[in-house]
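Reading through the structure tokens given below for one structure.
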Amino acid sequence: MAVAAIRTAALTKNYGRVQALDGLDLTVPAGQVFGFLGPNGAGKSTTIRLLLGLARPSAGRAWIFDTDAADVAAAHRSLAYVPADVTLWPALTGAEILELLGRVGSGVDRAYRDELVDRFAVDLSKPGRAYSTGNRQKVALIAAFATRAPLLVLDEPTSGLDPLMEREFQVAVAQARERGQTVFLSSHQLAEVEAVCDQVAILRAGRLVEVASVAQLRRLHRSQVEVSFTGATPDLSAVPGVDAVTHDGPARLRFTLAGPPAPALRALADAQVDAVRINEPTLEEIFLDYYTQESR
């Protein structure tokens with residue numbers, strides 16, 4: 001059985017009476033881009049702090065590959081980390097910062113690092129104090145993506161990046177996957193997660209709500225279907241997964257569909273259907289639906 005890149009067992013963190021993380025059981029397969037979703041306060045950053053050894057769990061354990069996360073020095077040999085708010089050494093230039101990070105980490109692909117500098121359009125001659133928020137983020141991302149570390153932990157990594165640089169980020173994530181690296185991406189930007197992730201975990205109030213691929217999450221929720229026809233009205237009353245059927249004019253139907261579409265399509269085949277349009281829910285709609293259900 002392959003070793004997981006990240007594994008937690010009943011991982012819990014309390015800050016006084018506040019429970020920031022409640023018995024998290026999570027497995028992140030090696031070689032995947034894994035999205036960690038939730039709004040501020042859901043427990044994402046607390047989880048990352050526990051994985052990095054920046055905080056101690058109140059209960060439970062975590063592992064980075066086969067190393068206990070409590071052994072911080074050993075665990076950090078296998079990972080590179082980009083925080084949401086990057087702070088750089090103010091007197092060092094960008095070039096010196098990248099060189100320093102390359103020496104203390106798990107090794108660096110220097111040719112690829114130079115390529116990333118060009119793609120992210122960073123002036124490495126400036127000192128850290130002169131960088132904007134976005135440029136500080138770029139330097140940290142370049143250092144992480146150029147490393148040979150098998151695990152990249154990215155906490156809200158595109159804050160401060162413009163849309164063009166976000167696209168470069170997505171390309172770099174895909175290339176990390178191709179090299180066999182694992183990317184653990186904590187984010188509240190659902191479009192970003194949808195574009196790059198293999199699996200997604202949804203966290204709410206410190207508890208794990210769901211873990212699934214983006215495609216699986218969509219199949220668990222209802223799609224909106226629009227049908228236009230010229231023959232008799234299709235009978236969908238006994239079709240599994242079909243609900244909320246409404247007539248939108250004399251020759252149009254609307255309904256919601258959960259699960260595989262094949263039964264509904266077979267029922268529609270008996271009518272003279274001109275067009276069928278299926279609108280799958282976005283990841284944001286699914287995410288909000290989970291939060292609505294949990295609130296209820």
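Counted from 1, the sequence shown has number 157 at position 157 by the numbering used here; the numbering is strictly sequential.
Just so it is clear, CB atoms sit at the ideal spot from N, CA and C, and this is done for glycine as well.
Asked                                                                                                                                                                                  : Found
How far does the beta strand (DSSP E) with Ala264 in it reach, from first residue to last?                                                                                             : Per DSSP, Ala264 belongs to no beta strand (DSSP E); it is in the alpha helix (DSSP H), 262–269.
If we count the other Cβ atoms within 10 Å of its Cβ and call it buried at 16 or more, is Thr147 buried or exposed?                                                                    : buried
Mapping DSSP to helix, strand and coil, what is Val104?                                                                                                                                : helix
Return the CA-CA distance between Ala275 and Ala262, expressed in angstroms with no decimal places.                                                                                    : 16 Å
With DSSP as the reference, identify every bridge partner of Leu190, one or two as the case may be.                                                                                    : Paired residue(s): none; Leu190 is not in a bridge.
Using only the alpha-carbon positions, how far apart do Pro250 and Phe36 sit?                                                                                                          : 45 Å
Expressed to the nearest angstrom, what Euclidean distance is found between the alpha-carbon atoms of Gly60 and Gln199?                                                                : 23 Å
Count the other C-beta atoms from every protein chain shown that fall within 10 angstroms of the C-beta of Asp270, then say buried if there are 16 or more, exposed otherwise.         : exposed
Measuring CA to CA, which of Arg49, Ala174, Leu79 is closest to Gly102?                                                                                                                : Leu79
With burial defined as no fewer than 16 other Cβ atoms inside 10 Å of the residue's Cβ, what is the status of Ile48: buried or exposed?                                                : buried
Helix, strand or coil: how does DSSP classify Gly206 here?                                                                                                                             : coil
Where does Val276 fall in DSSP's three states?                                                                                                                                         : strand
Are at least three pairs of beta-carbons, each pair with one atom in the stretch 172–180 and one in the stretch 6–16, less than 8 Å apart?                                             : no
Which value, in whole angstroms, describes the spacing of the CA atoms of Ala238 and Ala70?                                                                                            : 55 Å
How far does the beta strand (DSSP E) with Arg61 in it reach, from first residue to last?                                                                                              : 59–64
Considering only residues of the stretch 38–90, which uninterrupted alpha helix (DSSP H) runs meet the minimum length of 4 residues and lie entirely inside it, listed in chain order? : 44–52, 72–76
Report, in whole angstroms, the separation of the C-beta atoms of Leu185 and Phe34, which I expect to be a contact under 8 Å.                                                          : 7 Å
Please return the same chain residues whose Cβ sits closer than 6 Å to the Cβ of Pro234, not counting the five positions on each side in sequence.                                     : Ala267, Leu268, Ala271
Which residues share a DSSP beta bridge with Ala9?                                                                                                                                     : Arg61
For the candidate residues Asp66, Asn279, Glu178, whose alpha-carbon lies nearest to that of Gly31?                                                                                    : Glu178
Counting along the chain, where does the beta strand (DSSP E) carrying Arg177 start and finish?                                                                                        : Per DSSP, Arg177 belongs to no beta strand (DSSP E); it is in the alpha helix (DSSP H), 163–178.
According to DSSP, is Thr182 part of a helix, a strand, or is it coil?                                                                                                                 : strand
Once you ignore the five residues that flank Ala42 on each side, which residues in its own chain have a CB closer than 8 Å to its CB?                                                  : Leu203, Arg204, Ala205, Gly206
Using a threshold of 8 Å, state whether the C-beta atoms of Ser187 and Glu168 are closer than that.                                                                                    : no
Taking buried to mean at least 16 other C-beta atoms within 10 Å of its own C-beta, is Gly231 buried or exposed?                                                                       : exposed
How would you label Trp63, buried or exposed, when you count the other beta carbons within 10 angstroms and need 16 or more for buried?                                                : buried
Bridge partners for Glu226 per DSSP, in chain order?                                                                                                                                   : Arg254, Arg277
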